[in-house]
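Structure first, commentary second.
Residue numbers (the numbering used here): 54 to 158.
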């Protein structure tokens, strides 16, 4: 397995987003709630990219701390979006579980 610090984060985020979208499409339909959940994950992924860019500009290389903070934020935000209507559907739960699996890779 390659060293995590040497995997371009853009590639990892693209794979993560693609995996989440595929999970949402598994039943042939992306509901409005699933779309909002995916949108939140995309926003958080862009925020992560921005944080990495700032860290690189400032000469900081401890990306693991940034990733761990962002990972927690992404999962928390996704969960909050999913339960905004009072319950988390099976499809939303599957998307969140896929997000967690992808972030753990």
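Positions of the beta carbon are idealized from the N, C-alpha and C atoms, including for glycine.
For residue 158, the secondary structure class from DSSP, reduced to helix, strand or coil, is coil. Going by beta carbons, residue 145 and residue 86 fall inside the 8 Å limit. For residue 129, the enclosing alpha helix (DSSP H) begins and ends at 116 to 135. The C-beta separation of residue 70 from residue 95 comes to about 6 Å, placing the pair in contact by the 8 Å criterion.
In the structure shown, the three-state DSSP call for residue 153 is helix.
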